[in-house]
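If you're matching positions, the sequence shown starts at 67 in the working numbering and goes up one per residue.
Input: a single structure, listed below in structure tokens.
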Amino acid sequence: MKKIALISIIAITLVIAACSNEKDKAYSRIKAIEKELLQNKEITNDSLARLFISLSDEYVKNNIKDEKSPELLFKSAEVSSGIGMYDHAISNFLKIVYSYPKYNKAAESLFLIGFIYDSNLMNTEQAKHFYQEFLIKYPNHSLAKDAAACLENLDKDPAELIKEFQSKEKRK
67 MKKIALISII
77 AITLVIAACS
87 NEKDKAYSRI
97 KAIEKELLQN
107 KEITNDSLAR
117 LFISLSDEYV
127 KNNIKDEKSP
137 ELLFKSAEVS
147 SGIGMYDHAI
157 SNFLKIVYSY
167 PKYNKAAESL
177 FLIGFIYDSN
187 LMNTEQAKHF
197 YQEFLIKYPN
207 HSLAKDAAAC
217 LENLDKDPAE
227 LIKEFQSKEK
237 RK
């Protein structure tokens with residue numbers, strides 16, 4: 067009986083070590099791809115960016131409670147936004163906001179959702195919703211003034227914004 071218990075403990079230990087090793091390998095691969103993406107900022111390598119996104123998302127899916135997961139989600143969202151995968155970026159930012167609310171970039175993630183809806187998807191209703199949610203949750207955040215300004219300017223056409231800007235400049 068003791069042999070069976072010892073063999074079971076050894077087997078479990080080996081499985082845990084193998085899983086941990088696989089997790090470390092996956093993370094190292096993601097970091098290597100990220101490094102390559104950062105070295106070539108001027109040249110967007112779409113396939114490399116998509117690989118980074120895919121591997122990061124897979125890592126998070128398999129390691130939800132890992133301390134590296136929210137950061138990988140954030141970087142995946144940033145890269146997604148950078149290559150025009152706005153829905154995917156929003157999805158990952160939402161995961162951060164609602165699954166990792168204590169993560170240090172949760173507030174920024176919420177703001178960026180509004181910003182993507184505003185600037186890239188031209189969906190003022192959704193932008194308004196997320197900017198307002200941001201201001202309710204994070205009224206003292208450094209981006210609060212930006213969120214308020216974005217809300218104020220959501221429904222204005224570009225010509226109206228230019229006139230307001232010129233008027234403010236004349237007053238200075």
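Ideal Cβ positions, reconstructed from N, Cα and C, are used throughout, including at glycine.
Roughly how many angstroms lie between the CA atoms of residue i and residue j, to the nearest whole one?
i           : j           : result
residue 180 : residue 90  : 34 Å
residue 161 : residue 87  : 26 Å
residue 151 : residue 206 : 30 Å
residue 192 : residue 182 : 10 Å
residue 127 : residue 134 : 12 Å
residue 132 : residue 195 : 30 Å
residue 214 : residue 117 : 36 Å
residue 200 : residue 100 : 29 Å
residue 94  : residue 208 : 33 Å
Can you list, in chain order, the residues of its chain with a C-beta nearer than 6 Å to that of residue i? Leave out the 5 residues immediately preceding and following it.
i           : result
residue 217 : 197
residue 158 : 139, 142 and 143
residue 171 : 140
residue 122 : 96, 138 and 142
residue 178 : 159
residue 119 : 142, 145 and 146
residue 167 : none
Using C-beta distances below 7 Å, list every residue in its chain close to residue i, excluding the 5 sequence neighbours before and after it, in chain order.
i           : result
residue 187 : 152
residue 169 : 136 and 162
Between the beta-carbon of residue i and the beta-carbon of residue j, is there less than 8 Å?
i           : j           : result
residue 155 : residue 165 : no
residue 98  : residue 125 : no
Report all residues from its chain with a CB closer than 8 Å to the CB of residue i; omit the five preceding and five following residues, and keep chain order.
i           : result
residue 203 : 173 and 176
residue 112 : 149
residue 184 : 190, 193, 197, 216 and 220
residue 212 : 177
residue 130 : 165
residue 210 : 200, 201 and 204
Please report the Cβ distance between residue i and residue j, rounded to the nearest whole angstrom; I am assuming they are in contact, meaning their Cβ atoms lie under 8 Å.
i           : j           : result
residue 115 : residue 103 : 6 Å
Please tell me whether, using a cut-off of 7 Å, the distance from the CB of residue i to the nearest non-hydrogen atom of the ligand FAD is below it.
i           : result
residue 163 : With respect to the ligand FAD, the structure shown offers nothing to examine, as it has no ligands at all.
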